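Sequential numbering from 1 applies to the sequence shown in the UniProt record's numbering. Even for Gly, the Cβ is constructed at its ideal location relative to N, Cα and C. Please read all numbers here as calculations on a predicted model, not as lab measurements.
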Amino acid sequence: MCHSLEQARHLSRTVDETGRTLCLTHAYTGYPMVKQPRQMILRFDIGLVRKVYVEYQQGWLSHDNVNSKQTQWRLDPKQSGPSGCLGDIGVHAFNLA
(Lines of atoms letter the chains of each structure in order from A and count residues from 1; the text may use other names and numbers.)
(Lines give C-alpha, C1' and ligand atoms only; values in the text may rest on other atoms or scores of the structure.)
Protein backbone atom coordinates (compact mmCIF):
# COMPACT_ATOMS: atom_id res chain seq x y z
CA MET A 1 0.00 0.00 0.00
CA CYS A 2 2.80 2.39 0.87
CA HIS A 3 6.47 2.50 0.01
CA SER A 4 7.56 4.57 2.98
CA LEU A 5 6.62 5.63 6.48
CA GLU A 6 5.86 9.10 5.12
CA GLN A 7 3.36 7.65 2.64
CA ALA A 8 1.76 5.53 5.38
CA ARG A 9 1.35 8.56 7.62
CA HIS A 10 -0.16 10.53 4.75
CA LEU A 11 -2.59 7.69 4.06
CA SER A 12 -3.53 7.54 7.75
CA ARG A 13 -4.16 11.29 7.85
CA THR A 14 -6.27 11.09 4.70
CA VAL A 15 -8.41 8.34 6.23
CA ASP A 16 -8.84 10.39 9.41
CA GLU A 17 -9.69 13.57 7.51
CA THR A 18 -12.19 11.98 5.14
CA GLY A 19 -13.80 9.55 7.57
CA ARG A 20 -13.50 6.85 4.92
CA THR A 21 -12.74 3.20 5.62
CA LEU A 22 -9.42 1.78 4.45
CA CYS A 23 -9.31 -1.94 3.73
CA LEU A 24 -6.66 -4.44 2.70
CA THR A 25 -7.90 -7.76 1.40
CA HIS A 26 -6.03 -10.90 2.34
CA ALA A 27 -7.52 -13.22 -0.26
CA TYR A 28 -6.57 -16.58 1.22
CA THR A 29 -7.73 -16.21 4.83
CA GLY A 30 -11.27 -17.35 4.02
CA TYR A 31 -10.24 -20.80 2.79
CA PRO A 32 -10.72 -23.68 5.28
CA MET A 33 -7.24 -25.06 4.52
CA VAL A 34 -5.83 -21.73 5.70
CA LYS A 35 -8.28 -21.01 8.51
CA GLN A 36 -7.78 -24.29 10.34
CA PRO A 37 -3.97 -24.23 10.66
CA ARG A 38 -4.10 -20.54 11.59
CA GLN A 39 -6.60 -21.26 14.37
CA MET A 40 -4.46 -24.18 15.56
CA ILE A 41 -1.44 -21.91 15.76
CA LEU A 42 -3.33 -19.18 17.62
CA ARG A 43 -4.68 -21.73 20.14
CA PHE A 44 -1.20 -23.28 20.55
CA ASP A 45 -2.68 -26.67 19.55
CA ILE A 46 0.66 -27.60 18.03
CA GLY A 47 2.81 -25.75 20.53
CA LEU A 48 4.67 -22.50 20.00
CA VAL A 49 5.41 -21.93 16.33
CA ARG A 50 8.80 -20.30 16.00
CA LYS A 51 9.29 -20.37 12.26
CA VAL A 52 7.04 -20.38 9.23
CA TYR A 53 8.35 -21.21 5.77
CA VAL A 54 6.26 -19.82 2.93
CA GLU A 55 6.55 -20.46 -0.80
CA TYR A 56 4.55 -18.54 -3.35
CA GLN A 57 5.23 -19.76 -6.85
CA GLN A 58 4.08 -17.64 -9.75
CA GLY A 59 4.89 -18.98 -13.19
CA TRP A 60 3.85 -15.81 -14.99
CA LEU A 61 6.71 -13.86 -13.40
CA SER A 62 9.35 -16.27 -14.70
CA HIS A 63 8.77 -15.26 -18.33
CA ASP A 64 9.79 -12.10 -20.16
CA ASN A 65 6.32 -10.75 -20.75
CA VAL A 66 6.82 -7.01 -20.62
CA ASN A 67 3.32 -6.35 -21.94
CA SER A 68 1.62 -8.04 -18.99
CA LYS A 69 -0.05 -5.63 -16.54
CA GLN A 70 0.77 -8.05 -13.73
CA THR A 71 4.45 -7.99 -14.60
CA GLN A 72 4.86 -4.29 -15.39
CA TRP A 73 3.95 -2.73 -12.06
CA ARG A 74 5.54 -5.46 -9.93
CA LEU A 75 8.93 -5.06 -11.61
CA ASP A 76 8.93 -1.26 -11.67
CA PRO A 77 10.33 0.11 -8.38
CA LYS A 78 8.57 3.44 -9.04
CA GLN A 79 5.22 1.64 -8.87
CA SER A 80 5.91 -1.31 -6.57
CA GLY A 81 8.43 0.33 -4.26
CA PRO A 82 11.83 -0.87 -3.15
CA SER A 83 10.56 -4.16 -1.70
CA GLY A 84 9.40 -5.60 -5.03
CA CYS A 85 7.43 -8.82 -4.62
CA LEU A 86 8.00 -8.89 -0.86
CA GLY A 87 5.70 -5.91 -0.41
CA ASP A 88 3.17 -7.33 -2.85
CA ILE A 89 3.11 -10.99 -1.87
CA GLY A 90 4.98 -11.04 1.43
CA VAL A 91 2.29 -9.14 3.30
CA HIS A 92 -0.18 -11.91 2.48
CA ALA A 93 2.24 -14.61 3.64
CA PHE A 94 2.79 -12.66 6.86
CA ASN A 95 -0.97 -12.47 7.39
CA LEU A 96 -1.32 -16.24 6.96
CA ALA A 97 1.33 -16.88 9.59
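- Between the stretch 24 to 33 and the stretch 52 to 62 there are fewer than three C-beta pairs closer than 8 angstroms, too few to call the two in contact.
- A direct Cα-Cα distance of roughly 14 angstroms separates Arg-43 from Arg-50.
- When secondary structure is reduced to three states using DSSP, Phe-44 falls in the coil class, being assigned neither helix nor strand.
- Of all alpha-carbon atoms in Pro-77, Thr-21 and Asn-95, the one lying nearest the alpha-carbon of His-3 is that of Pro-77.
- As the crow flies, the alpha-carbon of Arg-38 is around 21 angstroms from that of Gly-87.
- With fewer than 16 other Cβ atoms inside 10 Å of its own Cβ, Arg-13 counts as exposed.
- Spatial neighbours of Tyr-28 in its own chain (CB-CB distance under 7 angstroms, excluding positions within 5 residues in sequence) are listed in chain order as Val-34, His-92 and Leu-96.
- In this structure, the straight-line span from the alpha carbon of Leu-75 to that of His-10 is close to 24 angstroms.
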